Amino acid sequence: SELPHGTIGLLVAVMFAAALSSKAAELAALGTTTTIDLWRHFRPLAAADEGRNVRVARRFTAMWGVVAVAFALFAGFAENLIEAINILGSIFYGVLLGLFLVAFFLRRVGGSTVFFAAVAAEALVIVMYFSLNIGYLWYNIIGCAACVTFSLVLQAVLPPRVRADEVRAR
């Protein structure tokens, strides 16, 4: 009914190898996606230099590894993993919901305005998380309301941008 010590060690090594391979694949996918969707999008000339893109993807992979370790350390402070995931989700999901609400229901608000409103709303939620002692589920509502409100205020305050087709028509 007991396994020999060598077999137990081999099984533990197999479990660690399986976990490591899945984590390595996840981190590599995140690094590659970040490189393709962000790096090459904001740097149009980067598409020509594949060697540099590979090096950048490796750096992004390392960055995502640091983010994963930081989340693991953060999760150690929570009572359990589900609570840690809910806390972290509450910090970000409210603003994400606000983005979708503005996109679907407030069509007159421009994309740049919504982006800056989302950044401001996220900053507000993070400051509130570290400075106030309220239930973490409230951050969803606060983030959503802040994103929608900041979008409307910024749209009203910022000067309207001339659309590209209006410039070409002149």
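112 is the number that my numbering gives to position 79 of the sequence shown; each next residue is one higher, with no gaps. Note that CB positions come from ideal geometry on N, CA and C, so glycine has one too. Note that the structure is a prediction, hence the values are computed from the model and not measured.
To the nearest angstrom, report how far apart residue i and residue j are at their CA atoms.
i	j	result
A111	A46	29 Å
V135	L36	60 Å
A61	T94	6 Å
R196	G144	Here the model assigns R196 a pLDDT of 41, short of 50, so the residue's position is not dependable and the matter cannot be decided.
V102	H38	31 Å
R203	P192	In this prediction, R203 has a pLDDT of 49, which is less than 50 and means its spatial position is unreliable; nothing more can be read from the coordinates.
P77	T65	16 Å
L63	G98	10 Å
Which residues in the same chain as residue i place their Cβ atom closer than 7 Å to its Cβ, once the five residues preceding and following it in sequence are excluded?
i	result
N119	Y169
R201	The pLDDT assigned to R201 is 48, lower than 50, so where the model puts this residue is not dependable; a value taken from the coordinates is nonetheless given after this. So the list is empty, once near-sequence residues are dropped.
Residue i by DSSP, collapsed to three states: which one?
i	result
A172	A small fix is needed here, since residue 172 is Tyr in this sequence, not Ala. It is helical.
G143	coil
E59	helix
L191	coil
For residue i, which residues in the same chain have their Cβ closer than 6 Å to its Cβ, ignoring the five residues on either side in sequence?
i	result
E59	none
(message) Which complete alpha helix (DSSP H) runs does the segment 67-135 hold, if anything under 4 residues is left out?
(response) Whole alpha helix (DSSP H) segments, 4+ residues: 83-110.
(request) Say whether the segment 121-137 touches the segment 81-95, bearing in mind that this needs 3 or more beta-carbon pairs closer than 8 Å, one atom from each stretch. (result) Touching, no, given that fewer than three Cβ pairs across the two stretches are closer than 8 Å.
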